[in-house]
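Residue numbers (this note's numbering): 23 to 240.
Notes for the one structure printed next.
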């Protein structure tokens, strides 16, 4: 009798995301419910702001090299006819900024406040050059009168040279924020928007599974 032994191997590729700092926004295998209304901004993020009124001021709280919290006070909020952009701030080597449409993105969903996060790679000089940045983030519209009424939206997105912005066109109805007694407008006509951003470093690992089987021939 003759006995031969054959083995088969299969390779599995796993993708893991790691960071040097603790995540302020947790990731799970299932996308959050907010993802159903998240979208990319309909305008070019590199275009200059056309909003009237001030761009406001930002304060950055860093939580390591790859995580930061941005507090953006948007002045003259009710007077902004189109949109407002925050100043750029650095997180994980990328340039980040916030974009808000106080009366809604006219090309997406008017009547709702639209808020987006925009990320760009400062090392890339040409729009044709490819880059990617996988990010977990939370955007918040802060209620100064009652923090329990602060509006939060969580998501994650792979920003790239073709998809530089991501967020919500229907973050919340305009009327619910602009109402003076709602608690969102402070100092006469300013609104506080917060962004909790975590840049994820991705690594690819390969694992090999060997399944040995014996076949006998008489």
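Glycine included, C-beta positions come from ideal geometry on N, C-alpha and C.
Just so it is clear, the structure is predicted and the values come from calculations on it, not from any experiment.
For this session: Take residue 212 as the anchor and find which of 201, 155 and 222 has the nearest alpha-carbon.
Result: 201
- So, using beta-carbon positions, are residue 219 and residue 89 closer together than 8 angstroms? yes
6 angstroms CB neighbourhood of residue 141 in its chain, flanking five on each side removed = 116, 118, 155 and 181
Which full runs of the beta strand (DSSP E) of 3+ residues lie inside the segment 147 to 227, going along the chain? 154 to 163, 173 to 182 and 187 to 195
| Between the C-alpha atoms of residue 191 and residue 128, what's the straight-line distance to the nearest angstrom? | 9 angstroms
Notebook entry, point to check: Going by Cα to Cα distance, which pick from 136, 111, 94 and 80 is closest to residue 175?
Noted result: 136
Give the range of the beta strand (DSSP E) segment to which residue 136 is assigned. 134 to 142
- Message: Please state whether the Cβ-Cβ distance between residue 187 and residue 139 is less than 8 angstroms.
- Response: yes
Check the C-beta distance from residue 173 over to residue 94 and give it rounded, since I have them as a contact under 8 angstroms.
Not quite, the Cβ-Cβ distance comes to about 15 angstroms (not below 8 angstroms), so this is no contact.
From residue 153 to residue 109, what does the alpha carbon distance come to, in whole angstroms? 22 angstroms
| message | Taking only three categories from DSSP, how would you classify residue 108? | response | coil
Cβ neighbours of residue 196 in the same chain (closer than 8 angstroms, five flanking residues each side left out):
124, 125, 126, 133, 134 and 135
Sequence-distant residues of the same chain with beta carbon closer than 7 angstroms to residue 83, five excluded per side:
90 and 91
Practice item. Could you tell me which of 77, 112, 87 and 111 sits nearest to residue 103, measuring between CA atoms? Key: 77
Hey, would you say the C-beta of residue 132 is under 7 angstroms away from at least one heavy atom of the ligand MG?
Ligands are entirely absent from the displayed structure, and the ligand MG is therefore not among its contents.
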